[in-house]
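Let me begin by presenting the structure, written as structure tokens, before commenting on it.
4 protein chains.
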Amino acid sequence: MPVVVHVGSTCLADCRALAAHAQEIGAAAIACVGPGFFKPATTADLVAFCREVAAAAPGLPFYYYHIPSRTGVQVAVADLLQQGVDKIPTLAGAKYSHPDLMDYLRCTRLLNGRFDLLFGLDEMLLPALAVGARGAVGTTYNFAAPLYYRLIAAFERGDLETARQEQHRATELIVCLARHDFLPASKALMKMIGLDCGPVRLPLRPLSAEATLKLHDELATIRFFDWRE
Amino acid sequence: MPVVVHVGSTCLADCRALAAHAQEIGAAAIACVGPGFFKPATTADLVAFCREVAAAAPGLPFYYYHIPSRTGVQVAVADLLQQGVDKIPTLAGAKYSHPDLMDYLRCTRLLNGRFDLLFGLDEMLLPALAVGARGAVGTTYNFAAPLYYRLIAAFERGDLETARQEQHRATELIVCLARHDFLPASKALMKMIGLDCGPVRLPLRPLSAEATLKLHDELATIRFFDWRE
Amino acid sequence: MPVVVHVGSTCLADCRALAAHAQEIGAAAIACVGPGFFKPATTADLVAFCREVAAAAPGLPFYYYHIPSRTGVQVAVADLLQQGVDKIPTLAGAKYSHPDLMDYLRCTRLLNGRFDLLFGLDEMLLPALAVGARGAVGTTYNFAAPLYYRLIAAFERGDLETARQEQHRATELIVCLARHDFLPASKALMKMIGLDCGPVRLPLRPLSAEATLKLHDELATIRFFDWRE
Amino acid sequence: MPVVVHVGSTCLADCRALAAHAQEIGAAAIACVGPGFFKPATTADLVAFCREVAAAAPGLPFYYYHIPSRTGVQVAVADLLQQGVDKIPTLAGAKYSHPDLMDYLRCTRLLNGRFDLLFGLDEMLLPALAVGARGAVGTTYNFAAPLYYRLIAAFERGDLETARQEQHRATELIVCLARHDFLPASKALMKMIGLDCGPVRLPLRPLSAEATLKLHDELATIRFFDWRE
Numbered sequence: 001m002p003v004v005v006h007v008g009s010t011c012l013a014d015c016r017a018l019a020a021h022a023q024e025i026g027a028a029a030i031a032c033v034g035p036g037f038f039k040p041a042t043t044a045d046l047v048a049f050c051r052e053v054a055a056a057a058p059g060l061p062f063y064y065y066h067i068p069s070r071t072g073v074q075v076a077v078a079d080l081l082q083q084g085v086d087k088i089p090t091l092a093g094a095k096y097s098h099p100d101l102m103d104y105l106r107c108t109r110l111l112n113g114r115f116d117l118l119f120g121l122d123e124m125l126l127p128a129l130a131v132g133a134r135g136a137v138g139t140t141y142n143f144a145a146p147l148y149y150r151l152i153a154a155f156e157r158g159d160l161e162t163a164r165q166e167q168h169r170a171t172e173l174i175v176c177l178a179r180h181d182f183l184p185a186s187k188a189l190m191k192m193i194g195l196d197c198g199p200v201r202l203p204l205r206p207l208s209a210e211a212t213l214k215l216h217d218e219l220a221t222i223r224f225f226d227w228r229e
Numbered sequence: 001m002p003v004v005v006h007v008g009s010t011c012l013a014d015c016r017a018l019a020a021h022a023q024e025i026g027a028a029a030i031a032c033v034g035p036g037f038f039k040p041a042t043t044a045d046l047v048a049f050c051r052e053v054a055a056a057a058p059g060l061p062f063y064y065y066h067i068p069s070r071t072g073v074q075v076a077v078a079d080l081l082q083q084g085v086d087k088i089p090t091l092a093g094a095k096y097s098h099p100d101l102m103d104y105l106r107c108t109r110l111l112n113g114r115f116d117l118l119f120g121l122d123e124m125l126l127p128a129l130a131v132g133a134r135g136a137v138g139t140t141y142n143f144a145a146p147l148y149y150r151l152i153a154a155f156e157r158g159d160l161e162t163a164r165q166e167q168h169r170a171t172e173l174i175v176c177l178a179r180h181d182f183l184p185a186s187k188a189l190m191k192m193i194g195l196d197c198g199p200v201r202l203p204l205r206p207l208s209a210e211a212t213l214k215l216h217d218e219l220a221t222i223r224f225f226d227w228r229e
Numbered sequence: 001m002p003v004v005v006h007v008g009s010t011c012l013a014d015c016r017a018l019a020a021h022a023q024e025i026g027a028a029a030i031a032c033v034g035p036g037f038f039k040p041a042t043t044a045d046l047v048a049f050c051r052e053v054a055a056a057a058p059g060l061p062f063y064y065y066h067i068p069s070r071t072g073v074q075v076a077v078a079d080l081l082q083q084g085v086d087k088i089p090t091l092a093g094a095k096y097s098h099p100d101l102m103d104y105l106r107c108t109r110l111l112n113g114r115f116d117l118l119f120g121l122d123e124m125l126l127p128a129l130a131v132g133a134r135g136a137v138g139t140t141y142n143f144a145a146p147l148y149y150r151l152i153a154a155f156e157r158g159d160l161e162t163a164r165q166e167q168h169r170a171t172e173l174i175v176c177l178a179r180h181d182f183l184p185a186s187k188a189l190m191k192m193i194g195l196d197c198g199p200v201r202l203p204l205r206p207l208s209a210e211a212t213l214k215l216h217d218e219l220a221t222i223r224f225f226d227w228r229e
Numbered sequence: 001m002p003v004v005v006h007v008g009s010t011c012l013a014d015c016r017a018l019a020a021h022a023q024e025i026g027a028a029a030i031a032c033v034g035p036g037f038f039k040p041a042t043t044a045d046l047v048a049f050c051r052e053v054a055a056a057a058p059g060l061p062f063y064y065y066h067i068p069s070r071t072g073v074q075v076a077v078a079d080l081l082q083q084g085v086d087k088i089p090t091l092a093g094a095k096y097s098h099p100d101l102m103d104y105l106r107c108t109r110l111l112n113g114r115f116d117l118l119f120g121l122d123e124m125l126l127p128a129l130a131v132g133a134r135g136a137v138g139t140t141y142n143f144a145a146p147l148y149y150r151l152i153a154a155f156e157r158g159d160l161e162t163a164r165q166e167q168h169r170a171t172e173l174i175v176c177l178a179r180h181d182f183l184p185a186s187k188a189l190m191k192m193i194g195l196d197c198g199p200v201r202l203p204l205r206p207l208s209a210e211a212t213l214k215l216h217d218e219l220a221t222i223r224f225f226d227w228r229e
């Protein structure tokens, strides 16, 4: 199984060390979020930052991980890719965890579609497919993959109504998880289905036993355990 | 031609006066943005605000105009509609100018799809269609309607590649306008195509003659004047 | 009693109508918040907006009302005043409701201190006095003026420890009101002390009878009713 | 010279490793920013995070480094300290780089003033002194310490007008540096005065030779080289 190693940090030296390590251990690729403490003043500065990270793993494809809701790094990824293509030899694409599908569409069409653009908002997979997504990475795929495979299959055969229905189920799931704090609830769900991945780390807090029971009931109410398979 | 009158304001009394006036003059419906100065603390407070506005035009359909990028009023419109349906007899739907297509999808599926959900981000029309949009209101439809009609037609016949191509042209147009300040540039464009709607008002500033020439050249470069028709 | 009329709105024509009306009815001055819906792109655009408002009441001093927490209009007021002094003949100063005391200090020292800069964060009155505030407008002055007079008197005689103690009492009061929603709680407090100013308007909601009792108890606990006099 | 080591990171394990290392090498204390990627949902979660960091250097005083403009971690530090005092045996105080002097004042008066609250906005030193600051850490103290010593001395002898004048000079300096990008310009200034600390690291960019010359001229215009000594 190919593994993409995330190497992002607020510190360039750490990113580079992680990138070099990823290459040593045989990772398939690296991904890196924008530096969120000292934020790049311009797109060119972010390109320069990414170039240095990528250069520490010259044998691995490099993905920019766009998640401004967490990092605060605002950038049009299409501009980043366009400016980066000549400066970062290993530039492969982006993980795109942001609802701006205009920017995402522009990315997909750059340079005859040469970039790999993994979409990261599970709740918006269907609209992302519509503008051209061909890959996705997301938390809920860990416990509800069959739903999303049905969604994709329906989309591909032109059955949009079924695709919307599946996407709507996914939104019910995500609204339910978000009510309990999305990541801790997702870990609790993993354990429910027999895949205990351990607890979240601080500053996140694991769901209490009581909250976990409540989550289970709510998931049963939206019939998650039926349609996830 | 049916006219929807916007009656939003930071002041409830003004909204109500505008709503009553809209009904008197025979408007087809009213729309109202959320109050952006004193912002509602809860969704219920926003429902109460909308109910008072809607009650001043009891004979007209009421649309909530969701545009948090300008008003700062954050709300899940699906929750607003769900809570509002029993409290606002004339509640007809929303104008939705925000990229959160999860919330938008939830809106479209509420109560068997009873709400009219006019999508307001022209640059994301295609993904909105994918999740179920059946109407749209936007600035660039004033000067590039044929492009969007082609986009919709392609989408409806399942030709997504053509739909993406048209949407991509729209994004090139919008990026170009945004570079000059979107609304002033849109007014300048209206004048270019023979429909002078007058200048923008302060605090917006009309494009200078020089900037207008530059905009024209840029529009020619992306072949806007060819594909807009 | 001189009355300053607030004439701000998201609509320039409304601002101008309110300004002209204020002059007709004998107001002492006008104040105007920045337009929060279409926000000015530059300081020069905001100056141009203010100039048009001020020109509708040419006989009245004009104050810019700086409250970015509500309007979202970000500007360095010192730059606004500096650029505005030649363009707005009636420019008198600002109401400053923002914690950036660097900008505030710069305002106080512009053009030999010619501007009147009314500070608007009651919880930061003491630090504002330290950088040169000579006037203030705020909600809690309505029901706790003696506390602030004691604070000012202590500051003026160099007794900073007493001034801090009074300011600290004010912060306890403000934290208490904020816990219940600041403005509705302030209205409830006005009624408690025998000055019923009526309820807040939507989208704000009046405190419930229960919350009002709780607020009263909390105010008693911090001994507000003793030290407010 | 006592050295406080900053050990903050988005990753708890890294914070702990840095904290343990700081203790080994004989640091005087540690400081830690809030984790800005996965942000704490509550003050209690942030306290729990800090407790784990502090526990890795049990022999060193622990300072919370409050700088929400960079981390996005919003918290009332007074609440953090109050909740933390029983849970973090080494809790010594905070570095406070934020303009909310209400929260700062509350911090200074907690538990009879037991906390050490180092103020971090050089441009607001005077107002911070007014509410009780007894220590400060900041960038411009590296190259303009005499100005701030004069400011403090004037404040202490009750000569507020002189203190304001010195603070105003500091704001002129800071506005000038900010125009060129504050940190790169500060490094360039250090080199100008003979203390070359090396360049900034990506994603920040060193000032160009041209910009450095321009900065020098601007600093000369505001007479920085005279009054910094």
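Chains as they are written, first to last, in this note's numbering: chain A, 1 to 229; chain B, 1 to 229; chain C, 1 to 229; chain D, 1 to 229. The beta-carbon is built from N, C-alpha and C at its ideal position, and this holds for glycine as well.
Chain D has no Cβ within less than 7 Å of the Cβ of Thr162(C). The C-alpha of Pro35(A) is placed about 9 Å away from the C-alpha of Gly72(A). Using a Cβ distance threshold of 7 Å, Leu81(C) and Phe115(C) count as a contacting pair. Contact between Glu218(A) and Cys176(A) holds, with the beta-carbon distance rounding to 5 Å and staying under 8 Å. Separation of Gln23(A) and Ala178(C) (C-alpha to C-alpha, rounded to the nearest whole angstrom) is 53 Å.
The residues Ala22, Ala27, Ile30, in chain order, have a CB closer than 6 Å to that of Val5(B) in the same chain once the five nearest residues on each side in sequence are set aside.
Neighbours of Gln167(B) in chain A, taken as residues whose beta carbon is under 8 Å from its own, are Leu105, Val131 in chain order. Assigned with DSSP and collapsed to three states, Asp100(D) falls in coil, not helix or strand. Taken atom to atom, the span from the alpha-carbon of Gly198(C) to that of Lys187(C) is near 7 Å. At a cut-off of 7 Å, the C-beta of Leu204(D) has a neighbouring C-beta in chain A. Distances from the CA of Phe38(C) to each of Pro61(B), Pro68(B), Ala13(B) were compared; the closest alpha carbon is that of Pro68(B).
Chain B places a beta carbon closer than 7 Å to that of Gly72(C), counting this residue as a contact. Taking all protein chains in view, the Cβ of Ser97(C) is crowded by 16 or more other Cβ atoms within 10 Å, so the residue is classified as buried. Inclusion of Leu202(A) and Leu12(D) in the CB contact set at 7 Å is warranted, their separation being smaller than that value. The beta carbon of Leu12(D) falls within 7 Å of a beta carbon belonging to chain A, placing the residue at that interface. Annotation for Phe155(A): Leu126, Leu129, Ala163 place their beta carbon closer than 7 Å to its own, counting only its chain and skipping 5 residues before and after. With 16 or more other Cβ atoms from the protein chains shown falling within 10 Å of its own Cβ, Arg169(C) counts as buried. Phe37(C): not part of any beta strand (DSSP E); DSSP gives it neither H nor E. Contact annotation: in the stretch 189-202 of chain D, residues whose CB is within less than 7 Å of a CB in chain A are Arg201, Leu202. In the three-state scheme derived from DSSP, where H, G and I count as helix and E and B as strand, Asp116(C) is classed as strand. Val4(C) carries a strand assignment under DSSP once its states are collapsed to helix, strand and coil. Beta-bridge partners assigned by DSSP to Ile30(B): Val5(B), Phe62(B). In the DSSP assignment, Asp122(B) falls outside any alpha helix (DSSP H), carrying neither H nor E. In terms of Cα proximity to Leu18(D), the closest of Arg228(A), Leu118(A), Asp14(A) is Asp14(A). Interface criterion not met: the Cβ of Pro184(B) is under 7 Å from no Cβ in chain C. When the beta-carbon positions are compared, Val137(B) and Leu117(B) stay at least 7 Å from each other. The beta carbon of Leu105(C) sits closer than 7 Å to the beta carbons of Val131, Gly132 from its chain, once the five residues preceding and following it are set aside; these are given in chain order. Going by beta carbons, Ala54(D) and Arg16(D) fall outside the 7 Å limit.
For Val77(C), the uninterrupted alpha helix (DSSP H) run begins and ends at 77-84, by DSSP.
For Lys95(A), the beta-bridge partners assigned by DSSP are Tyr65(A), Leu118(A). Our two residues, Gly59(D) and Cys32(B), have alpha carbons roughly 60 Å apart in a direct line. Identification of residues in the stretch 22-42 of chain A having a C-beta nearer than 9 Å to some C-beta of chain D yields Val33, Gly34, Pro35, Gly36, Phe37, Phe38, Lys39, Pro40, Ala41, Thr42, given in sequence order.
Taking CB atoms only, Asp122(C) has no neighbour in chain B less than 7 Å away. Rounded to the nearest whole angstrom, the CA to CA distance from Val200(A) to Gly158(B) is 43 Å. Secondary structure at Ala20(C): helix, using DSSP grouped into helix, strand and coil.
In the DSSP assignment, Gln167(D) falls within the alpha helix (DSSP H) that extends over 160-179.
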